[in-house]
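This report refers to the structure that appears directly beneath it.
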Amino acid sequence: MMFKDVHYAQYMTEVNQRLSSNGIFLTVKGEKLNTMTIGWGFIGYMWRKPIFIVPVRKSRFTYGLIEKSDEFTVSIPFDGLKKELALCGSKSGRDIDKFKAFGLTPVDGKIVNTPVINECDLHYECKIVFKQEMDPVNLDTAYDKSCYANKDYHTLYFGEIVACYLKE
Ligand SMILES: Cc1cc2nc3c(=O)[nH]c(=O)nc-3n(C[C@H](O)[C@H](O)[C@H](O)COP(=O)(O)O)c2cc1C
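Counting along the sequence shown from 1, when you hit position 162 you're at 146 in this note's numbering, and nothing is skipped either side.
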């Protein structure tokens, strides 16, 4: 794969557009390699660094993996892969190898040890620098009701963006 480095904020509009429609891929490598769909997330600037925040509920297989990792990657298709995003957002890596099952190809990134997804257009490589479990005490009660009926709260993982590139 050929990488074309881009500024981390250059495609923010496209990322937010994908997040709020079909989702994007969050890939984590632990004892297993796995990817899941996320529909929420943030790209921003903090601690003098570009940061990507990803929210993972405790029930996800990804949660066990990311808790033991210090990095993750995010891969975004500008269009298409809708079926794959729906499947990676409903099937669990506990049961299947989603890369094999859904025809996704892991390829080595530039800096971190976690691969990115070849079939996507835009990639972020991130090193985890902070994490925060949600404390419902601090959450708006209407949000608590509408998003956390099962009390399956997110942990937010803050990843320093150490590489951002388009696949050529
Ligand atoms: C469009 C979409 C967006 C999603 N966003 C999130 C998210 O932001 N955080 C999360 O924990 N789960 C989210 N999910 C659910 C997970 O992708 C789903 O539970 C997945 O099967 C978890 O995979 P795993 O068990 O292999 O980690 C989303 C699912 C879809 C379809």
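Note that beta-carbon positions come from the ideal geometry of N, C-alpha and C, so glycine has one too.
Two segments are said to touch when three or more pairs of C-beta atoms, one from each, lie closer than 8 Å; by this definition the segment 139 to 151 touches the segment 26 to 43. Taking all protein chains shown into account, R44 has 16 or more neighbouring C-beta atoms within 10 Å of its C-beta and is therefore buried. With distances taken between CA atoms, T98 lies nearest to D54 out of K42, D54, E152, M(-14). Contact between V100 and S130 is ruled out by a C-beta separation of about 33 Å, above the 8 Å threshold. Here the alpha carbons of E109 and K151 stand approximately 13 Å from one another. Under DSSP, H(-9) forms no beta bridge with any residue. Annotation for R78: F45 place their beta carbon closer than 7 Å to its own, counting only its chain and skipping 5 residues before and after.
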